[in-house]
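J.: Dumping the structure here so I can ask a few things about it.
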Amino acid sequence: VPEPSPDEARALAAAAGIPMPEERVASFARGLARVRGFAAELRSLDLDDVPPWTPPR
Amino acid sequence: LDPAALTVVDARAAIGAGSLSPVELLDAVLDRIRARNDELRAYLLVDDEGARLAAREAEGAAREGDRRPLLGIPVCVKDVIDVAGLPTTAGAAGWRREPPSDATAVARLRADGAVIVGKGNTNEFAYGIDGRNPHWGDARNPFDGERISGGSSAGPAVAVATGMALAGLGTDTTGSLRVPAALCGVVGLRPTHGAVPTDGVVPLAWSYDVVGPLARTVEDVALLWAVLAGEDAAGDARLPRTGLLTALAEGSEPAVAAGTRTFAEALDAEPVELPMLGHAEAIHTTVQMSEASAVHAGWFAQQRDRYSPPVRERLELGRTLPAIDYLRAQQARRVLVDEFAALMEDEGLAALLAPTTLAVAPRRDGDQAAQRPALLHAVLPLSQTAGPVLAVPSGVDDEGLPVGVQLAGRPGDEAALLGLAAGVGRSR
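Protein sequences appear in the order of chains W and G.
When we follow our numbering, the leftmost residue of the first sequence carries the number 1, and every step to the right adds one.
When we follow our numbering, the leftmost residue of the second sequence carries the number 58, and every step to the right adds one.
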């Protein structure tokens, strides 16, 4: 998953209500690429009709 | 012999026999704290007065023949767990609460006679695996102060390893009992999810959070487990089949590999595969980040600038995750849990064996991000099963630094794991 551009990272942070000083944008963008990679990995699995795990009662 | 060097089992026996008083035991523990806590930062707060009061009460009870299993045993409680009358700070810079009552886990220990010595150091809000704390000082490894202790249940592990307590109470979301246990050479039990109530515990991620014990021996942890769970933890004496998760051992340092091999031979373990473990990091990171961000939503709004940069960034990233990604991760976890249950059933396995960390304790001045994979590689996947995982020492490297292995079992199988580990201990 490609790293988002600084502008995209700023926009995503703003949408989530996160102030993003310039010195933190690059690290935040790397983090976004990582979590997006995980999301893509999970999307590749066949999870149709699988209920989410919930703690046993 | 210094009473602080005793195991829980031996100290309790000595108290019962009248050859050791709980006050004498506490004094020995407090001496160790005075000697080493400034250097090792195991405790964030020591409750001298409260502990002395509890020890005097235990002394009186012992004279009257009180048979409670933890009577007079000094315990260090991780500072994300409430102890009535002491502040809970979660190792954070700007967060604190004054609990009016004990967390259930603490109440159970106290009801069976334990003496709470104080609050143990932790990664900020338990959101870390190395025992570093930029706000109150890093917990340091008892075997080499220039190395990390592992975390986040860092303080209780260091305290137990050094006689600043005989037992510890911590939490484990990703590996926070097991990693410090391995790096400090003690035993830690991640119990079955939900087996011990987590009320009075600062949450990190509800789907993974558990409360569990630390001690120097498997027998001590079995005793603590019996108290925490309210069940017999005597263990099963037979040695049932064990599977070796070779995928989790890949990349182990030689000492770690040797320790794993020792346990595999003692348990006659055969290699097994659990393919869904390959997706464990994606599942875990997505669920944990989402839940931690929800837990912290209110606090984050008030004090975002007081979090350390790594924790702050994880919380911020969690806020960007869509609900559908969170649910997909929980769907994938369901597949993993079912795969684990089927493997255990089909192969007739009582436990799965893996190393705890892939390396000995890294240096404190090293690159934190680069150190994380070796610490997390084998513990994170086994947090997915919702069953118990026992971390036990498996040896030391050439410099005397400890390494360990994990035994993972089906939900509710703590006693079987404790029995297996005790059996290996007797055979070594």
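Note that CB positions come from ideal geometry on N, CA and C, so glycine has one too.
Since we're looking at a predicted model, the values are computed, not measured.
Let me check understanding here. Comparing Cα to Cα, which of TYR364(G), GLN388(G), PRO459(G) and VAL134(G) lies closest to PRO213(G)?
T.: VAL134(G)
J.: How far does the beta strand (DSSP E) with ALA448(G) in it reach, from first residue to last?
T.: Per DSSP, ALA448(G) belongs to the beta strand (DSSP E) from 446 to 453.
J.: Is the CB of ARG10(W) under 9 Å away from at least one CB in chain G?
T.: no
J.: Which chain G residues sit within Cβ distance under 9 Å of LEU23(W)?
T.: At residue 23(W) the sequence reads Glu, which differs from the Leu that was named. Chain G residues near GLU23(W): none, gap ~10 Å exceeds 9 Å.
J.: Under 6 Å Cβ to Cβ from SER209(G), same chain only, skipping five residues before and after it: list those, please.
T.: THR179, ASN180, ALA183, GLY185 and SER233
J.: For SER27(W), go through chain G and note every residue whose CB falls closer than 7 Å to its CB, in chain order.
T.: GLU370
J.: Please list the terminal residues of the continuous alpha helix (DSSP H) segment that includes PRO430(G).
T.: For PRO430(G), the enclosing alpha helix (DSSP H) stretches over residues 425 to 433.
J.: Using a Cβ cut-off of 8 Å, pull out every chain W residue sitting near GLN387(G), in sequence order please.
T.: PRO52, TRP53 and THR54
J.: Skipping 5 residues on each side, what residues in its chain have a beta carbon closer than 6 Å to that of ARG467(G)?
T.: MET401 and GLY444
J.: How would you call ALA224(G), buried or exposed, if buried means at least 16 neighbouring beta carbons within 10 angstroms?
T.: buried
J.: For the beta strand (DSSP E) holding GLU203(G), just list the boundary residues, first then last.
T.: GLU203(G) -> beta strand (DSSP E) spans 201 to 205.
J.: How would you call GLY405(G), buried or exposed, if buried means at least 16 neighbouring beta carbons within 10 angstroms?
T.: The residue is exposed, with fewer than 16 neighbouring Cβ atoms inside 10 Å.
J.: Cβ closer than 7 Å: which chain G residues qualify as neighbours of ALA33(W)?
T.: Within 7 Å Cβ-Cβ: nothing; ALA33(W) doesn't reach chain G, min ~10 Å.
J.: Is the Cβ of ARG391(G) closer than 9 Å to any Cβ of chain W?
T.: yes
J.: Between the stretch 192 to 205 of chain G and the stretch 139 to 151 of chain G, do three or more beta carbon pairs fall short of 8 Å?
T.: yes
J.: Chain W beta carbons: is any one of them nearer than 9 Å to that of ILE340(G)?
T.: yes
J.: Check TYR31(G) in the structure and name its three-state DSSP category.
T.: Any property of residue 31(G) remains undetermined from this structure, which presents chain G solely from 58 to 485.
J.: If we require 3 or more residues per run, which beta strand (DSSP E) segments fall completely within the stretch 93 to 149 of chain G?
T.: Qualifying beta strand (DSSP E) stretches, in chain order: 100 to 103 and 131 to 135.
J.: May I ask you to report which of helix, strand or coil DSSP gives ALA39(W)?
T.: helix
J.: DSSP three-state label for ASP229(G), please.
T.: strand
J.: Taking all protein chains shown into account, do 16 or more other C-beta atoms lie within 10 angstroms of the C-beta of GLN388(G), making it buried, or fewer, making it exposed?
T.: So GLN388(G) counts as buried.
J.: Interface residues of chain G around GLU41(W) at Cβ under 8 Å?
T.: Going along chain G in sequence order, the residues near GLU41(W) (Cβ under 8 Å) are HIS336 and ALA339.
J.: On the DSSP bridge assignment, give the partners of THR299(G) in chain order.
T.: ALA408(G)
J.: Quick check on this structure: which residue in PRO52(W), ALA9(W) and ARG34(W) has the alpha carbon closest to the alpha carbon of GLU58(W)?
T.: This structure cannot speak to residue 58(W), because chain W is shown only from 1 to 57.
J.: Could you confirm whether any beta carbon from chain G is found closer than 9 Å to the beta carbon of PRO19(W)?
T.: At least one chain G Cβ lies under 9 Å of PRO19(W).
J.: Is there a C-beta anywhere in chain W that falls below 9 Å from the one on ALA443(G)?
T.: yes
J.: For the stretch 255 to 274 of chain G, enumerate the residues whose C-beta is nearer than 8 Å to any C-beta of chain W, in chain order.
T.: TRP263 and SER264
J.: Under a three-way DSSP split, which group does ALA196(G) fall into?
T.: coil
J.: So the alpha helix (DSSP H) ILE340(G) belongs to, where does it begin and stop?
T.: 337 to 352
J.: Taking only the alpha-carbon atoms, compute the straight-line gap between TYR383(G) and ARG390(G) and give it to the nearest angstrom.
T.: 11 Å
J.: How about ASP382(G): is its C-beta nearer than 9 Å to some C-beta of chain W?
T.: Taking Cβ atoms only, chain W reaches closer than 9 Å to ASP382(G), which makes this a yes.
J.: Measuring CB to CB, does LEU281(G) end up less than 9 Å from LEU246(G)?
T.: yes
J.: Is the number of C-beta pairs between the stretch 98 to 106 of chain G and the stretch 154 to 171 of chain G that are closer than 8 Å three or more?
T.: no
J.: Indicate whether LEU477(G) and ALA408(G) have their beta-carbon atoms separated by less than 9 Å.
T.: yes
J.: By a C-beta neighbour count over all protein chains shown, 10 Å radius and 16 as the cutoff for buried, is PRO19(W) buried or exposed?
T.: exposed
J.: With the cut-off set at 9 Å, would you say LEU127(G) and ARG69(G) are in Cβ contact?
T.: yes
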